[in-house]
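Trainee:
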Amino acid sequence: MAAIVADGDRRAMLKRVTAPTLVIHGEDDPLVPLAGGRDTAASIAGARLITIPGMGHDLPLALVDTLTDAIAAHAKGVAVSA
Numbered sequence: 207m208a209a210i211v212a213d214g215d216r217r218a219m220l221k222r223v224t225a226p227t228l229v230i231h232g233e234d235d236p237l238v239p240l241a242g243g244r245d246t247a248a249s250i251a252g253a254r255l256i257t258i259p260g261m262g263h264d265l266p267l268a269l270v271d272t273l274t275d276a277i278a279a280h281a282k283g284v285a286v287s288a
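If you count by my numbering, then the sequence shown holds residues 207 to 288, one letter each, in order.
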């Protein structure tokens with residue numbers, strides 16, 4: 207949490223992100239409230255937000271399939287340009 211506070215507002219930097227972005231945020235995150243995940247997604251043009259009920263600020267093994275499925279679906283939906 208100290209690192210988050212010390213780093214400050216990242217929204218200006220996030221607005222420069224051009225990569226297709228998927229924001230995954232736990233709805234029960236005790237360190238970064240859900241509003242932070244929503245704000246992150248809103249700060250990146252075209253970003254998609256997925257919230258996970260019951261998930262905190264960790265990656266529980268029980269959610270590995272859910273998370274990998276979400277990431278894989280996002281990756282498959284991204285147009286590849288060479």
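No residue lacks a Cβ here, since even glycine has one placed at the ideal position from N, Cα and C.
Please confirm if residue 280 has its CB atom under 8 Å from at least one CB of chain C.
Mentor: You won't find chain C in this structure, because it holds only one protein chain.
Trainee: Please list, in chain order, all residues of the same chain as residue 258 whose beta carbon is under 8 Å from its beta carbon, the five residues on each side excluded.
Mentor: Cβ neighbours of residue 258 beyond the five flanking positions: 230, 231, 232, 233, 269, 272, 273.
Trainee: Under 8 Å, do residue 228 and residue 244 count as touching if we go by C-beta distance?
Mentor: It is not a contact, given that the beta carbons lie outside the stated cut-off.
Trainee: Can you look up residue 232 in the DSSP assignment and give me helix, strand or coil?
Mentor: It is a strand residue.
Trainee: How would you call residue 250, buried or exposed, if buried means at least 16 neighbouring beta carbons within 10 angstroms?
Mentor: Under this definition residue 250 is a buried residue.
Trainee: CB-CB under 6 Å to residue 247, same chain, minus the five flanking residues each way: which ones, in chain order?
Mentor: For residue 247, where only same-chain residues beyond five positions count, the Cβ hits under 6 Å are 229, 253, 255.
Trainee: Is the beta carbon of residue 226 sitting closer than 8 Å to the one on residue 284?
Mentor: Result yes, Cβ atoms of residue 226 and residue 284 sit closer than 8 Å.
Trainee: Suppose the cutoff is 6 Å on Cβ atoms and the five residues either side in sequence are ignored; what does the same chain contact list for residue 216 look like?
Mentor: Nothing meets the Cβ criterion.
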